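Going by our numbering, the sequence shown opens with residue 1, and the numbers climb by one from there.
For every residue, glycine included, the Cβ atom is placed at its ideal position computed from N, Cα and C.
Note that this is a predicted model, so its numbers are computed, not measured.
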Amino acid sequence: MGNLANKLNKAYAGEVKQALKAKSRSKELESLKLKLEDRKKNALETFTQSEEYNNEMVECFNNGFEMFRDYASVISPDHNWSEIDVAGVWQVLNMGSDGMAHHSLMHAARRKEKDMDLLMDL
């Protein structure tokens with residue numbers, strides 16, 4: 001009976017030891033996660049204050065502005081600009097030269113209609 005009790009005590013001690021080890025690892029893991037979050041935050045702050053970040057932002061702004069100019073160049077001046085949505089802009093821009101030509105023709109047709117209306121009013 002003593003041998004069985006001894007084995008049970010050893011098994012229990014082993015389980016306790018593993019539980020303590022798991023708790024220790026869990027705390028260590030939490031500490032590493034916090035350090036990683038701090039490092040990410042510091043890296044982001046460092047990057048957003050760099051010249052490289054400023055250059056990237058200027059390039060993104062310029063690209064967006066050029067895309068807007070491309071879109072605006074083929075849309076009728078009479079167009080209701082408050083109805084412009086991202087999907088519509090992408091549709092026009094993704095059609096490439098065909099889309100631009102189509103919108104240019106539409107613009108010309110609308111212009112002719114307006115000119116004709118002005119002539120009729122004379």
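Would you decide whether residue i is buried or exposed? Buried here means 16 or more other CB atoms lie within 10 Å of its CB.
{"i": "Val-74", "result": "buried"}
{"i": "Val-92", "result": "buried"}
Using CA atoms only, rank isn't needed, just tell me which of the options is closest to residue i.
{"i": "Ala-89", "options": "Met-67, Pro-77 and Ser-76", "result": "In the sequence as displayed, the identity of residue 89 is Val instead of Ala. Here the closest residue by C-alpha is Met-67."}
What first and last residue would you give for the alpha helix (DSSP H) that runs through residue i?
{"i": "Asp-70", "result": "51-74"}
Can you tell me whether residue i is helix, strand or coil according to DSSP?
{"i": "Asn-42", "result": "helix"}
{"i": "Asp-80", "result": "One point to set straight first is that residue 80 is Asn, not Asp, in the sequence displayed. Asn-80: coil per DSSP, three-state reduction."}
{"i": "Leu-119", "result": "For Leu-119, the pLDDT reaches just 49, beneath the cut-off of 50, and the residue's location in the model is therefore unreliable, although a value from the coordinates is still provided. The answer is helix: DSSP assigns Leu-119 an H, G or I state."}
Which whole-angstrom value describes the C-beta separation of residue i and residue j, a residue pair presumed to lie in contact below a C-beta threshold of 8 Å?
{"i": "Phe-47", "j": "Tyr-53", "result": "5 Å"}
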